[in-house]
Amino acid sequence: MKVLADTRLFYAAVVLSILPLWLVTYLPMVDLPQHAAQVAAWRELLAGNDLYRREFETNWFTPYLLGYVLYFAFSSVLSYTMAAKLVVTISVAAVPVLTDALLAETGGERRLRWLAIPGALGFAFYFGLLSFLCAVPLGLFLLLLTIRYERSPTFGRGLSLAAVSVALFFSHLLVLGIMTLASAAYVIAARFDQPRTWWRQLAPLAAAAPLILVWGFVTYGGEHVVRDTAVRYSGTGEQLQLLFGHATGIDLFQSWPVNLIGFLMFVAPALLGCRLTTDYSRYLPFACAAIIYFRFPALAFGTAFLYHRFSIFLLPLWLLAWNAPAEQSTPRASYRLAAITVVSVIVSISIFNAWRFRGLQSQSHDFTAIVQQIPEGKRVLSVVRKRYVENFQYPVLLHHATWYQPLRGGIVDFNFAYFYPQLVRYRPGRQVPVDERFVSLPYSRSFEQINGAAYDYFIFLADEDEGYRLFGEHGAGIDLVAQQGPWWLYRGDDPN
Numbered sequence: 012m013k014v015l016a017d018t019r020l021f022y023a024a025v026v027l028s029i030l031p032l033w034l035v036t037y038l039p040m041v042d043l044p045q046h047a048a049q050v051a052a053w054r055e056l057l058a059g060n061d062l063y064r065r066e067f068e069t070n071w072f073t074p075y076l077l078g079y080v081l082y083f084a085f086s087s088v089l090s091y092t093m094a095a096k097l098v099v100t101i102s103v104a105a106v107p108v109l110t111d112a113l114l115a116e117t118g119g120e121r122r123l124r125w126l127a128i129p130g131a132l133g134f135a136f137y138f139g140l141l142s143f144l145c146a147v148p149l150g151l152f153l154l155l156l157t158i159r160y161e162r163s164p165t166f167g168r169g170l171s172l173a174a175v176s177v178a179l180f181f182s183h184l185l186v187l188g189i190m191t192l193a194s195a196a197y198v199i200a201a202r203f204d205q206p207r208t209w210w211r212q213l214a215p216l217a218a219a220a221p222l223i224l225v226w227g228f229v230t231y232g233g234e235h236v237v238r239d240t241a242v243r244y245s246g247t248g249e250q251l252q253l254l255f256g257h258a259t260g261i262d263l264f265q266s267w268p269v270n271l272i273g274f275l276m277f278v279a280p281a282l283l284g285c286r287l288t289t290d291y292s293r294y295l296p297f298a299c300a301a302i303i304y305f306r307f308p309a310l311a312f313g314t315a316f317l318y319h320r321f322s323i324f325l326l327p328l329w330l331l332a333w334n335a336p337a338e339q340s341t342p343r344a345s346y347r348l349a350a351i352t353v354v355s356v357i358v359s360i361s362i363f364n365a366w367r368f369r370g371l372q373s374q375s376h377d378f379t380a381i382v383q384q385i386p387e388g389k390r391v392l393s394v395v396r397k398r399y400v401e402n403f404q405y406p407v408l409l410h411h412a413t414w415y416q417p418l419r420g421g422i423v424d425f426n427f428a429y430f431y432p433q434l435v436r437y438r439p440g441r442q443v444p445v446d447e448r449f450v451s452l453p454y455s456r457s458f459e460q461i462n463g464a465a466y467d468y469f470i471f472l473a474d475e476d477e478g479y480r481l482f483g484e485h486g487a488g489i490d491l492v493a494q495q496g497p498w499w500l501y502r503g504d505d506p507n
């Protein structure tokens, strides 16, 4: 297993895993264009842009802040597309690196760190959950600091742990929740026979509790969608399918070969001859995270895809529960074969992703050509009828037209400013009729009902011209000005 022990090869594999991100102009992340639009709107609000100040306001007390701050900083010196790649690259690469640090800190089998590489490109990546993805490394870092503080509870370490807890609140509340509980589980198991010390060990992890209480009170009282949304759960079979599928870093999680590879990644420690530890403190973070994953709802508080996000934590935490193989426990030839297989599969996944991502470039060229024909600072309506592309399971084109907002300084609807946790929200009374339902059923309401006359341009993504279905009797004053691949651009009756 020397190949797995080689740190240089490990980091080379990490670099190879993120290489696909740099082979395409627009990353195949469903919600990413909306997050780019959030950062662009925030920048325009800070600059005093009247167009944005009329429509939007800044929601400073948001648990999504730090990811946007990082994106804002990078996009100050890079394009929005390049800055997005840099933010995502750092977040994705940090997952296997921090897994390695956790294995080293707990005395686990560090050669298992390779298994954490593919899954960093999991559900949160493909669905474009930027704030969550940025918070994942911070969540793993919280556990790392907890372990160090448990062993040496100095004031400085406690303060650092509390600071990271507060930072996690402003990064993503769900990551704070699951990793605080996983960290607390570690502490209780490690000091099970010393219950009087628990309060001191757990106190720094509670640093964000006042913020959570205030935010929860304000949000529950002020947002009816939080109170009124139904709670929905998924079946265990679906959860296992997603868990194993996304451990591979390939979003084709309904494919049985992909699921099989993901399952084998969870059993790979045993195949490599590793032994389960007898140290319960190394089991419990995984057990805690697994319970949350399988018991958490899919939809609640006006937010969808909840438990799905937690899948990124389960494999790294599972690896902590394994020790190095006993001497001569497995024949040397079997070690070598298993190690070579692990490396080959991980490298093959990266190469496969590079091929898939590169295949999106023709779509990128078509979209860029359309966007360049829209003047800056216009109001645009996105109508999406073709959400999927070949070799990707998620609807990576769902919000693609929203890239116009950061690239050309206009406003695109549907817009995430509609949602309560976002950094930039519509001002009271300025919320438009184009809501989430319009994204799924764009022709379910009339042109008048969506206030279509307020838009300067309309971007359609469809296999054929469907403008007539939206415009109806108003079509005579709306012109088709460009068509590139599946993209259709219409100019409104009186564009400003």
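The letter at position 153 of the sequence shown is residue 164 when you use the numbering used here, and the numbering goes up by one with no holes.
Backbone N, C-alpha and C define an ideal beta-carbon position, used for all residues, glycine too.
Helix, strand or coil at residue 89 [DSSP, three-state]:
coil
Segments of 4+ residues assigned as alpha helix (DSSP H) that fall wholly inside the stretch 41-94
43-58, 61-66 and 76-86
Unbroken alpha helix (DSSP H) runs of length 4 or more, entirely within the stretch 289-352: which are they?
291-306 and 322-330
Of the residues 347, 438, 411 and 367, which one's Cα is nearest the Cα of residue 403?
367
Do three or more CB pairs link the stretch 141-161 to the stretch 311-331 at distances below 8 angstroms?
yes
Check residue 446 in the structure and name its three-state DSSP category.
coil
What first and last residue would you give for the alpha helix (DSSP H) that runs through residue 495?
Counting along the chain, no alpha helix (DSSP H) covers residue 495; the unbroken beta strand (DSSP E) around it starts and ends at 490-495.
Within the same chain, show all residues whose beta-carbon is closer than 8 angstroms to that of residue 14, passing over the 5 residues directly before and after it, in chain order.
20, 350, 351 and 354
Roughly how many whole angstroms lie between the Cα atoms of residue 305 and residue 76?
28 angstroms
Considering Cα atoms alone, identify which of 231, 293 and 408 is closest to residue 157.
For the set 231, 293 and 408, the Cα lying nearest the Cα of residue 157 is the one of 293.
Can you tell me the Cα-Cα spacing of residue 78 and residue 95, whole angstroms?
11 angstroms
The beta strand (DSSP E) that contains residue 392, what's its start and end?
Run containing residue 392: 390-395, per the beta strand (DSSP E) assignment.
Report the residue ranges of all alpha helix (DSSP H) runs contained in full by the stretch 363-434; include only those spanning at least 4 residues, in chain order.
372-382 and 415-419
Below 6 angstroms CB to CB, which residues in the same chain sit around residue 329 once its five sequence neighbours on both sides are set aside?
297
Relative to the alpha-carbon of residue 417, which residue among 22, 54, 346 and 42 has its alpha-carbon at the smallest distance?
54
Inspect the beta-carbon positions of residue 8 and residue 25 and report whether they are closer than 8 angstroms.
Examination of residue 8 is not possible in this model, given that the chain is present from 12 through 507 alone.
By DSSP, does residue 166 sit in helix, in strand, or in coil?
helix
What number of angstroms, rounded off, separates the C-alpha of residue 497 from the C-alpha of residue 388?
24 angstroms
Using alpha carbons as the reference points, say which of 461, 378, 369 and 469 lies closest to residue 34.
369
Could you give the residue range of the alpha helix (DSSP H) that holds residue 482?
478-482
Presumed contact (8 angstroms Cβ cut-off) between residue 123 and residue 114, rounded CB distance:
About 7 angstroms separates the two Cβ atoms, so the contact holds.
Can you tell me where the beta strand (DSSP E) with residue 501 in it begins and where it stops?
Annotation: the continuous beta strand (DSSP E) that includes residue 501 extends over 498-502.
Would you mind sorting residue 219 into buried or exposed? The rule is 16 or more other CB atoms within 10 Å of its CB.
Residue 219 counts as buried, since at least 16 other C-beta atoms from the protein chains shown sit within 10 angstroms of its C-beta.
Determine the contact status of residue 257 and residue 134, defining contact as a CB-CB distance below 8 angstroms.
yes
Only counting the same chain, and skipping five residues up and downstream in sequence, which positions put a Cβ closer than 7 angstroms to that of residue 360?
These residues qualify, in order along the chain: 129, 259, 260 and 261.
If you draw a straight line from the alpha carbon of residue 363 to that of residue 409, how long is it in whole angstroms?
23 angstroms
Which same chain residues end up closer than 7 angstroms to residue 66 when comparing Cβ atoms and leaving out the 5 residues on each side of it in sequence?
422, 437, 438 and 441
With a CB to CB cut of under 6 angstroms and the five nearest residues on each side skipped, what residues in its chain are close to residue 83?
50
Roughly how many angstroms lie between the CA atoms of residue 479 and residue 491, to the nearest whole one?
11 angstroms
Is residue 277 helix, strand or coil when you go by DSSP?
helix
What separation, rounded to the nearest whole angstrom, lies between the Cα atoms of residue 444 and residue 430?
So the alpha carbons of these two residues sit roughly 13 angstroms apart.
Once DSSP output is grouped into helix, strand and coil, what is the label at residue 138?
Taken through DSSP and simplified to helix, strand or coil, residue 138 comes out as coil.
Measuring CA to CA, which of 407, 449, 405 and 419 is closest to residue 426?
449
Taking residue 142 and residue 171 to be in contact with their CB atoms under 8 angstroms, please state how far apart those CB atoms are, rounded to whole angstroms.
Actually they do not touch by this definition, with Cβ atoms about 22 angstroms apart.
So, residue 382 versus residue 414, is the Cβ gap smaller than 8 angstroms?
yes
Out of curiosity, what's the CA-to-CA distance linking residue 111 and residue 99?
Inter-residue distance for residue 111 and residue 99 is about 19 angstroms (C-alpha atoms, whole angstroms).
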